[in-house]
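Since the structure comes first, as structure tokens, the remarks are kept for the end.
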Amino acid sequence: MSSITDFVRRLDGLDFGGLYGEDFFLTWEKSADEINAVFTVAEALRCLRENNVSVKVFQSGLGISVFRDNSTRTRFSFAGACNLLGLAVQDLDEGKSQIAHGETVRETANMVSFMADVIGIRDDMYIGKGNTYMRAVSEAVREGKREGILEQRPMVVNLQCDIDHPTQTMADMAHIIRHFGGAENLKGKKIAMTWAYSPSYGKPLSVPQGVIGLMTRFGMEVTLAHPQGYEIMESVEKVAAENAARYGGKFSKTPSMAEAFADADIVYPKSWAPYAAMEKRTGLYGNNDFEGIKKLEKELLAQNGAHKDWECTEDLMKITRDGKALYLHCLPADISGVSCKEGEVAAPVFDRYRSPLYKQASYKPYIIAAMIFLGKFRQPQRVLTRLAEKKKPRLLA
Amino acid sequence: MSSITDFVRRLDGLDFGGLYGEDFFLTWEKSADEINAVFTVAEALRCLRENNVSVKVFQSGLGISVFRDNSTRTRFSFAGACNLLGLAVQDLDEGKSQIAHGETVRETANMVSFMADVIGIRDDMYIGKGNTYMRAVSEAVREGKREGILEQRPMVVNLQCDIDHPTQTMADMAHIIRHFGGAENLKGKKIAMTWAYSPSYGKPLSVPQGVIGLMTRFGMEVTLAHPQGYEIMESVEKVAAENAARYGGKFSKTPSMAEAFADADIVYPKSWAPYAAMEKRTGLYGNNDFEGIKKLEKELLAQNGAHKDWECTEDLMKITRDGKALYLHCLPADISGVSCKEGEVAAPVFDRYRSPLYKQASYKPYIIAAMIFLGKFRQPQRVLTRLAEKKKPRLLA
Amino acid sequence: MSSITDFVRRLDGLDFGGLYGEDFFLTWEKSADEINAVFTVAEALRCLRENNVSVKVFQSGLGISVFRDNSTRTRFSFAGACNLLGLAVQDLDEGKSQIAHGETVRETANMVSFMADVIGIRDDMYIGKGNTYMRAVSEAVREGKREGILEQRPMVVNLQCDIDHPTQTMADMAHIIRHFGGAENLKGKKIAMTWAYSPSYGKPLSVPQGVIGLMTRFGMEVTLAHPQGYEIMESVEKVAAENAARYGGKFSKTPSMAEAFADADIVYPKSWAPYAAMEKRTGLYGNNDFEGIKKLEKELLAQNGAHKDWECTEDLMKITRDGKALYLHCLPADISGVSCKEGEVAAPVFDRYRSPLYKQASYKPYIIAAMIFLGKFRQPQRVLTRLAEKKKPRLLA
């Protein structure tokens, strides 16, 4: 397969050794070359699969999933990625386990990992908790490997935490790269990451945070727009600003959806909850203050309600670059008149972009598979070449 | 393996090209040759497995299961079929997903299908809904493939809907064929699909409907028997009548269990709910009229109670052909004095047929596997031959 | 791999033919050679995996898990063992199945087993029920195979019952053997299986029973210690006494934790419920006497409370052999001041032994895999040799 040679050549030019044997928590902990390597391997795996070449590199092994929130697409993306590489998914359903009965994170992490090569965790519910939990799991299995308890250290993949959502934003980015014909064409492109109205409160911050943390690395002009009171984590804004400075792009903020949309090449209108409110909620949960939570939720809904004009309409789309900005969403979207009375996006806009939106989502399993691949192989070029040469059919032909 | 040559020869004589790349919804949408091909491939796969030959044709891929009702045997049959061919089962548990949160069928169908080769759906609860839902899923992934969202289109297999239960009735038929030594011996055989009393209301109509829709294609005399008021879907009765006319059999109805049993070669006594009542119930659910549902259920139980004499007893069995009709049931049966006070079948009858009943069920995984096989391979003969030649042991010997 | 030759040689010297085609219910139903063969194969499989050699012997097949109680480690151990050998795990979740709707054990066992090679069952809740249930399942599938319903008979593995917990105690024993450098060094070693205080009632008896039933076969001096009123099954004590006589060890009882700990080489302090109380509880459940159960539980908690001094403290550890006994627990432990106010073990003791405890647990997947391996292969030596020669990498290298 000639194109695999191209991917291998691209990898040869990158310094991605830091991915081997490590976890994937936050995109901004990874170098530009490492991020690039993930995109490259994702594309290579997709190319092989599209050509009916099996990329099953594991003969056995478990991919453990921990979902602390309902999930369809991430669950299936993780399952698809594991299956593609040869791992069987085993869900750690905390309701069915003895975790409540006095087990520590350290203990559980080791107990489930004797045969595990990957642990995928989604834990985005509580500010200050999700990412911390993932790192605790990671440290536990690292120690387990060191002490000879585990024969192999399962890598931890962040399937969404309170800070970042790397598998989502990298799938988004893969979609952008494909749309614009290559990462080299992104310089100067304008992307609007904007808040949008939703009749539900408490949507995670990981997407807007992850987007400004990642998209500022490609020389793009990234604008974060939201009504006053919907601030995100300051530390991530700092990351975005530093990225922009280092990679020759821009990062700016505005309280106006229209300003962000003006001449934008890409728009990502999506609801989220104010960081401060989410932090408060975490505290209330910690105190089992359910009255307080109810009160807070009521306040948040009322606060949202004051910003129903933050909707991605056809009129707003018209002021984007040539009226043709690429519309993004992590899905499911709150579509006005469809899934709710008033929502994040007008139905005609959503309908027009449905097919590209689904394509955007289609990158996620490959991004996850690439993260695992690069975490497990020191020389992915050699493995990709062998797979391409072997040409074992995925479906017997 | 010489017998594989026989199966291949049988397939060579059949025109089953219409199965390739398509779904399996209703048996009467398939031609006689196509139905025959499913039986042939099911037998071939069973023969290979019995000889410890692996028929794993997928190196990776997901088989997605959607069960909108509790299920043991169909769940395990689907899991077994997928596993046999090399697919990993991923359950779309709607409780664990975000489906409730505003996702459309179209969206979910695509989101779970990036790595999916098959989607098996059981949705038999509501009249007018189940089959419709399956077709919506099918259309969504067909469009997804067309638009380049999906690299492959997962085929949809009907694991039971409001109209038909093709994997059940074809397993039943495989059992009948084996019992009578070949489909060619079925001409003129008499089968009684009869209602039977059960202390529960609301049992699905898919089995009686599926049975009269399928069994009328083999030159058999099919009698549908039920008390007045337990009518099934008219459109399916029409299918049965047309089949009988086309394939040289008979289709008749009677309100007498004894009449149906008289000289029957095969009896299939099983409870079901009146179609009209089920239609009414669907409407009540649509209106969230839970009072109305309770009332309806009470009425249905009372109505059932007037027909406790519809029980498959030893006396009734005696009037079948030589007193030896093949007794069928899709299981679990309501056995009088065992699983309930008064039920569908007398304990001695059930006990005498326990072993054949379990054999009847044993065909289902192979029927499902054959449907997938024929949906995925344009030239199944070539693939079967390769598997037989390769002789890769299922269990290392 | 030279070491595989050693394992094969060890197997050559053992008479373990009785394992082939059989289930694994209780360790004391197996001969010394058979037990030894399980340890040997477990080590061999671990050695191969550690050397990145795939031991996937199944190309397809299901491993069915039935958990009638919450479980983390046993669930993952079973999943890991099945996956290691090539089986896909399919959970029989009784809540999602139709088992409640009139299916018998015999029927369900056959219905789920058409493609099953193993059934792992955990059912330890009710005295007199768990092991009985497993044997009913076993008998059902044995009959299913005999009658031609099943093409293969799935073997039943006891993942914990009311009598024994063989996969746990054999993992414990594998850990002991490794710790002391070989089974041949265990002669005369003193092991204390003692009760310990826990703020929860009703912990299963299977571990203490399993421990005295297994550890008495290695020439060790086994002491069972518990407060009066915490008696275990008499029949298992009898097994222990007979083992001690036959294998040249000792089995004794004492109502003093300190006496048991004195000069012990190994200590296993763990809470359990009195056998008589558990038997009573089973009766109460049978009668749906929930008032009676509540009352019993209250009494049990009060009874436990009178024995808070049964804690594995540093002071107690000091009186063991050189103050360095190997501390064992099946996990999760009730750690004083950590998972509860007062518990089975002092935090410093637990912390000091954390790493060995996790290693102890790490043997379980291999023990389960070895049980399956020996149940499926008449000549495991030949299969191990082939795997070692083939050297198919578990993770593509």
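Chains as they are written, first to last, in the working numbering: chain P, -10 to 386; chain Z, -10 to 386; chain V, -10 to 386. All residues carry an ideal CB built from backbone N, CA and C; glycine is no exception.
Where residue i falls: helix, strand or coil (DSSP)
i, result
"P258 (chain P)", "strand"
"Y316 (chain P)", "strand"
"A89 (chain P)", "Residue placement at A89 (chain P) is poorly supported in this model, since its pLDDT is 44, which falls under 50; the coordinates still yield a value, given next. In the structure shown, A89 (chain P) sits in coil (DSSP, three-state: anything other than H, G, I, E or B)."
"D252 (chain P)", "coil"
"M390 (chain P)", "Within the shown structure, residues of chain P are numbered from -10 to 386, placing residue 390 (chain P) beyond reach of any answer."
"F169 (chain P)", "coil"
"S224 (chain Z)", "helix"
"I110 (chain P)", "strand"
"L81 (chain V)", "coil"
"T212 (chain Z)", "strand"
"L51 (chain V)", "strand"
"L289 (chain V)", "helix"
"I308 (chain V)", "coil"
"T243 (chain V)", "strand"
"I324 (chain V)", "strand"
"Q370 (chain P)", "helix"
"L76 (chain Z)", "coil"
Residue closest to residue i, alpha-carbon to alpha-carbon, out of the options
i, options, result
"R371 (chain Z)", "Z:I24, Z:V46 and Z:G7", "Z:V46"
"T243 (chain Z)", "Z:V130, Z:V211, Z:K307 and Z:I255", "Z:V211"
"C319 (chain Z)", "Z:H154, Z:G208 and Z:I116", "Z:H154"
"S54 (chain P)", "P:R38, P:N40, P:F65 and P:Q79", "P:Q79"
"T97 (chain P)", "V:K269, V:A377 and V:S351", "V:S351"
"T158 (chain V)", "V:F14, V:M246 and V:R375", "V:F14"
"I108 (chain Z)", "Z:A172, Z:Q149, Z:K283 and Z:Q292", "Z:Q149"
"S260 (chain V)", "V:V126, V:N293 and V:L285", "V:N293"
"E132 (chain Z)", "P:L285, P:K348 and P:E39", "P:K348"
"W184 (chain V)", "V:D323, V:A125, V:F(-4) and V:R375", "V:D323"
"M114 (chain Z)", "Z:Q198, Z:L346 and Z:I152", "Z:I152"
"L317 (chain Z)", "Z:R95, Z:W17, Z:A181 and Z:N25", "Z:A181"
"R38 (chain Z)", "Z:R57, Z:E23 and Z:S(-8)", "Z:S(-8)"
"S344 (chain V)", "P:Q368, P:A247 and P:L139", "P:L139"
Assigned exposure category for residue i - 16 Cβ within 10 Å defines buried
i, result
"P382 (chain Z)", "exposed"
"A234 (chain P)", "exposed"
"R142 (chain P)", "buried"
"F279 (chain P)", "exposed"
"N277 (chain P)", "exposed"
"Q217 (chain Z)", "exposed"
"D112 (chain V)", "buried"
"G238 (chain Z)", "buried"
"G170 (chain V)", "exposed"
Cβ neighbours of residue i in the same chain (closer than 6 Å, five flanking residues each side left out)
i, result
"F366 (chain V)", "V372"
"A160 (chain V)", "Y352, K353 and I356"
"I116 (chain Z)", "D151, M267, E268 and T271"
"G52 (chain Z)", "C71, L76, V78 and V107"
Chain-order list of residues whose beta-carbon lies under 7 Å from that of residue i (same chain, five-residue window excluded)
i, result
"A21 (chain V)", "R206"
"M360 (chain Z)", "F13, V27 and V146"
"L285 (chain Z)", "A266, K269, R270 and L273"
"R57 (chain V)", "R111, D112 and M114"
"L376 (chain V)", "L37, V42 and V44"
Other residues of its chain near residue i: CB distance less than 8 Å, five sequence neighbours each side excluded
i, result
"L289 (chain V)", "Y190, G191, A262, P263 and A266"
"E220 (chain Z)", "P263, Y264 and A265"
Near the ligand NAP: residue i beta-carbon under 8 Å from a heavy atom
i, result
"P263 (chain P)", "In terms of ligand content, the structure shown is empty, and the ligand NAP therefore cannot be addressed."
Using Cβ-Cβ distances below 9 Å, what residues of the region 45 to 56 of chain Z are close to chain P? K45, V46, F47, Q48, S49, G50, L51 and I53
Note down, in chain order, all residues in the region 102 to 119 of chain Z with a beta-carbon under 7 Å from any beta-carbon belonging to chain P. F103 and M104
With 7 Å as the C-beta to C-beta threshold (strictly closer), list the residues of the region 347 to 372 of chain V near chain P in chain order. Y347, K348, A350, S351 and P354
Interfacial residues, the region -1 to 33 of chain V to chain Z, with Cβ spacing under 8 Å: none
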